[in-house]
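Colleague:
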Amino acid sequence: MFSNVVKQLDKQYTGICRQSQKILSERNLKTIPRYAGVYVLYYKEKPFYVGRSNNIYKRFMHQHLSKRNDVASSSFRMHIKILKKIIRYKEARSWIVKNCKAKFVKIDNYDDSILLEALLIRLWRKKYRLVNDNKYEL
């Protein structure tokens with residue numbers, strides 16, 4: 000059973016590494032997938048943030064890219080505000096759309112999505128200085 004999980008994670012990791020990055024422009028936002036899975040946001044061609052969601056499109060549009068100024072539920076946007084010294088959330092949204100690219104992996108199994116997200120964070124946190132919270136200290 001454990002070997003099956005490892006094989007599945009390896010397959011998903013390989014898939015996300017081989018995939019080309021999608022530009023997050025205002026025109027392309029509607030192409031963000033509406034399935035459950037793991038996503039990686041890139042800044043200057045390096046992984047910047049890893050996340051997972053039951054509906055990636057909703058996570059992006061309602062949290063990361065929300066037009067509302069009072070949405071503070073996205074840790075990614077809060078980190079953008081701090082790191083890039085952006086005052087308002089609307090400015091954070093435009094910065095994300097202008098500067099970030101993304102990769103998406105469809106994962107139907109909730110446990111597998113948690114494992115892949117944790118694996119990517121663990122592998123890339125120090126190497127690429129991810130802005131993720133320390134939620135998966137393994």
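91 is the number that numbering that gives the first Met the number 0 gives to position 92 of the sequence shown; each next residue is one higher, with no gaps.
Each residue gets a CB set at the ideal place from its N, CA and C atoms; glycine is no exception.
On a predicted model such as this, the values are computed, not experimentally measured, just so you know.
Out of L64, N98, K6, Y48, state which residue places its alpha-carbon closest to the alpha-carbon of I22.
Modeller: To locate residue 22, count along the sequence shown from 1; it is residue 23. Nearest C-alpha to I22: N98.
Colleague: Excluding sequence positions up to five away, which residues of its chain have a Cβ less than 6 Å from the Cβ of L119?
Modeller: Stepping through the sequence shown from its first residue, residue 119 is reached at position 120. Closer than 6 Å at the Cβ level, and outside the excluded window around L119, lie V49.
Colleague: Note down the Cα distance separating K6 from I95, rounded to an integer number of angstroms.
Modeller: Sequence index remark: in the sequence shown, residue 6 carries index 7 (1-based). Sequence index remark: in the sequence shown, residue 95 carries index 96 (1-based). Their Cα atoms are separated by approximately 33 Å.
Colleague: Only counting runs of 3 or more residues, tell me where the beta strand (DSSP E) segments fall wholly within the segment 1-74, in order along the chain.
Modeller: As far as the segment 1-74 is concerned, its whole beta strand (DSSP E) runs of at least 3 residues are 36-42, 45-52.
Colleague: Would you please state the rounded distance, in angstroms, between the beta carbons of K138 and A91? I believe it to be under 8 Å.
Modeller: Since the first residue of the chain shown is 0 and the last is 137, residue 138 is not available in this structure.
Colleague: Quick check on E116: buried or exposed, where buried means 16 or more other Cβ atoms within 10 Å of its Cβ?
Modeller: Residue 116 sits at position 117 when you count from the first residue of the sequence shown. Buried, because 16 or more other Cβ atoms sit within 10 Å of the Cβ of E116.
Colleague: What is the rounded straight-line gap between the Cα of I106 and the Cα of T13?
Modeller: As a working note, residue 106 is residue 107 in the sequence shown. As a working note, residue 13 is residue 14 in the sequence shown. Distance between the alpha carbons of I106 and T13: 14 Å.
Colleague: Does the Cβ of D110 have 16 or more other Cβ atoms within 10 Å, making it buried, or fewer, making it exposed?
Modeller: As a working mapping, residue 110 is identified with position 111 in the sequence shown. With fewer than 16 Cβ atoms within 10 Å of its Cβ, D110 is classed as exposed.
Colleague: Determine the direct distance from the alpha carbon of R67 to that of L17, and round the result to whole angstroms.
Modeller: Numbered from its first residue, the sequence shown carries residue 17 at position 18. Numbered from its first residue, the sequence shown carries residue 67 at position 68. Here the sequence assigns Arg to residue 17, which means Leu is not the residue at that position. Using only the alpha carbons, I get a separation of about 34 Å.
Colleague: In the structure shown, what three-state DSSP assignment does V96 receive?
Modeller: Taking the sequence shown and counting its residues from 1, the one referred to as residue 96 is at position 97. Helix at V96.
Colleague: Along the chain, where does the alpha helix (DSSP H) containing L119 start, and where does it finish?
Modeller: On the sequence shown, residue 119 is found 120 positions in, with the first residue counted as 1. Run containing L119: 109-127, per the alpha helix (DSSP H) assignment.
Colleague: Where does K80 fall in DSSP's three states?
Modeller: To locate residue 80, count along the sequence shown from 1; it is residue 81. In the structure shown, K80 sits in a helix (DSSP, three-state: H, G or I).
Colleague: Report all residues from its chain with a CB closer than 6 Å to the CB of S52; omit the five preceding and five following residues, and keep chain order.
Modeller: The residue labelled residue 52 in the question sits at position 53 within the sequence shown. Hits under 6 Å: R58.
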